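Below: the structure, in structure tokens.
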Amino acid sequence: AQTVTQSQPEMSVQEAETVTLSCTYDTSESDYYLFWYKQPPSRQMILVIRQEAYKQQNATENRFSVNFQKAAKSFSLKISDSQLGDAAMYFCAYFDGSNYQLIWGAGTKLIIKP
Amino acid sequence: DAGVIQSPRHEVTEMGQEVTLRCKPISGHDYLFWYRQTMMRGLELLIYFNNNVPIDDSGMPEDRFSAKMPNASFSTLKIQPSEPRDSAVYFCASSFGDRGVNEQFFGPGTRLTVL
């Protein structure tokens, strides 16, 4: 069965600095999708970035980028120029095409220090 | 579009009572998902629908939980009777097309407290 592991329960970073959140997953599939979602204190789950496994190029969305290492089954999220509004729980998720479900990691709480 | 709408935002009830959570997905979306989030278990998929048809309810914890989607714009999650261990935040999410691989748009959630 596919699993998603986020080994960092909590991370902190100084405002304007760069932080990287780790995510690893386990799958025997070759084609799949990976996501990072953000959950601020308001509880709203918001998509941050999405990566298709067949694409070698790492996805980028403004200050957010991923380091996708398919062979290592690693999918880390880099946040550049951290802002106070980035403080949230961040969830990594893998799309399981066999049953059309998202498999979620346990989340990483990101704290931004002013 | 207003996004996924859930009601109520907060629900406090007593053990044994029936609870009904409601969800209106984004217009045009053909997948609808119900999740439960707790500190202990994280995000759990309870059930999902495709074109109003339940596809996988293996995540529904027990027979006390039931979900319906009578039409494309409305779904309910019912707990009867409710128990304190059902206390959690319940999310509804919707997406469209391509087997559900596209982005899931989440509602604001319903925080349920069962006393």
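So the sequence lines, in the order shown, correspond to chains A and B. Going by the numbering used here, the first sequence opens with residue 113, and the numbers climb by one from there. Going by the numbering used here, the second sequence opens with residue 529, and the numbers climb by one from there. All C-beta atoms, glycine included, are put in the ideal place defined by N, C-alpha and C. Remember, predicted model here, so these are calculated numbers, not experimental data.
Rounded separation between residue i and residue j - CA only
{"i": "Phe602 of chain B", "j": "Gln126 of chain A", "result": "43 Å"}
{"i": "Arg592 of chain B", "j": "Glu122 of chain A", "result": "35 Å"}
{"i": "Lys225 of chain A", "j": "Arg569 of chain B", "result": "28 Å"}
{"i": "Pro609 of chain B", "j": "Ala205 of chain A", "result": "32 Å"}
{"i": "Lys221 of chain A", "j": "Leu605 of chain B", "result": "29 Å"}
{"i": "Gln114 of chain A", "j": "Trp216 of chain A", "result": "10 Å"}
{"i": "Asn174 of chain A", "j": "Leu643 of chain B", "result": "44 Å"}
{"i": "Ser594 of chain B", "j": "Gly625 of chain B", "result": "25 Å"}
{"i": "Pro132 of chain A", "j": "Asn599 of chain B", "result": "The sequence shown places Thr at residue 132 of chain A, rather than the Pro named in the question. Cα to Cα, the separation comes out at about 42 Å."}
{"i": "Cys551 of chain B", "j": "Lys596 of chain B", "result": "10 Å"}
{"i": "Thr117 of chain A", "j": "Asp585 of chain B", "result": "24 Å"}
{"i": "Ile223 of chain A", "j": "Ala200 of chain A", "result": "7 Å"}
{"i": "His557 of chain B", "j": "Tyr212 of chain A", "result": "15 Å"}
{"i": "Thr541 of chain B", "j": "Thr566 of chain B", "result": "18 Å"}
{"i": "Ser192 of chain A", "j": "Asp614 of chain B", "result": "39 Å"}
{"i": "Lys167 of chain A", "j": "Asp138 of chain A", "result": "18 Å"}
Proximal residues of chain B, C-beta to C-beta of residue i below 7 Å
{"i": "Ala171 of chain A", "result": "What Ala171 of chain A touches in chain B: nothing, since even the nearest Cβ is about 13 Å away."}
{"i": "Ala218 of chain A", "result": "Gly570"}
Per-residue contacts from residue i into chain A (C-beta, under 9 Å)
{"i": "Asp584 of chain B", "result": "Asn211, Tyr212 and Gln213"}
Anticipated Cβ contact below 8 Å, residue i with residue j, distance rounded
{"i": "Val547 of chain B", "j": "Cys620 of chain B", "result": "At roughly 14 Å, the Cβ-Cβ gap does not stay under 8 Å, so Val547 of chain B and Cys620 of chain B are not in contact."}
{"i": "Val178 of chain A", "j": "Ser188 of chain A", "result": "7 Å"}
{"i": "Leu214 of chain A", "j": "Gln632 of chain B", "result": "7 Å"}
{"i": "Tyr149 of chain A", "j": "Val160 of chain A", "result": "6 Å"}
{"i": "Tyr563 of chain B", "j": "Phe577 of chain B", "result": "Incorrect: roughly 13 Å between the Cβ atoms, too far for contact."}
{"i": "Pro636 of chain B", "j": "Gln545 of chain B", "result": "Not quite, the Cβ-Cβ distance comes to about 23 Å (not below 8 Å), so this is no contact."}
{"i": "Glu141 of chain A", "j": "Gly209 of chain A", "result": "7 Å"}
{"i": "Thr136 of chain A", "j": "Lys182 of chain A", "result": "Not confirmed; about 12 Å, so no contact."}
{"i": "Gln151 of chain A", "j": "Phe203 of chain A", "result": "7 Å"}
Extent of the continuous beta strand (DSSP E) to which residue i belongs
{"i": "Gly570 of chain B", "result": "Gly570 to Asn578"}
{"i": "Gln545 of chain B", "result": "Unbroken run through Gln545 of chain B: none, as it is neither H nor E."}
{"i": "Glu164 of chain A", "result": "Ile158 to Glu164"}
{"i": "Arg639 of chain B", "result": "Thr638 to Val642"}
{"i": "Gln195 of chain A", "result": "Run containing Gln195 of chain A: none; DSSP gives neither H nor E here."}
{"i": "Met567 of chain B", "result": "First-last for Met567 of chain B: undefined, no H or E at that position."}
{"i": "Pro582 of chain B", "result": "Val581 to Asp584"}
{"i": "Cys620 of chain B", "result": "Ala616 to Ser623"}
{"i": "Pro598 of chain B", "result": "Phe593 to Asn599"}
{"i": "Asp208 of chain A", "result": "Ala200 to Asp208"}
{"i": "Asp138 of chain A", "result": "Thr136 to Asp138"}
{"i": "Met588 of chain B", "result": "First-last for Met588 of chain B: undefined, no H or E at that position."}
{"i": "Thr130 of chain A", "result": "Note, Thr130 of chain A: premise wrong, no beta strand (DSSP E); not H, not E."}
Partner residues on chain A for residue i, Cβ-Cβ distance less than 8 Å
{"i": "Pro636 of chain B", "result": "Ser154, Arg155 and Gln156"}
{"i": "Val617 of chain B", "result": "Arg155"}
{"i": "Leu560 of chain B", "result": "The contacting residues do not exist; Leu560 of chain B stays about 12 Å from chain A at best."}
Under 7 Å from the C-beta of residue i: neighbouring residues of chain A
{"i": "Glu631 of chain B", "result": "Leu159 and Arg162"}
Below-8 Å beta-carbon distance, residue i vs any chain E residue
{"i": "Leu573 of chain B", "result": "No chain E appears in this structure, whose protein chains are A and B."}
Next on the checklist: Counting only Cβ-Cβ distances shorter than 7 Å, please list the residues of the stretch 152-178 of chain A near chain B, keeping chain order.
Outcome noted: Arg155, Gln156, Met157, Leu159 and Arg162
Item to check | Cβ-based contacts, 8 Å cut-off: residues of the stretch 184-208 of chain A near chain B | outcome: Phe203 and Phe207
Item to check | Residues within the stretch 602-614 of chain B neighbouring chain A, beta-carbon criterion of under 7 Å | outcome: none
Checklist entry - Quick one, which residues of the stretch 539-553 of chain B are near chain A if we go by CB-CB under 7 Å, in chain order? => result none
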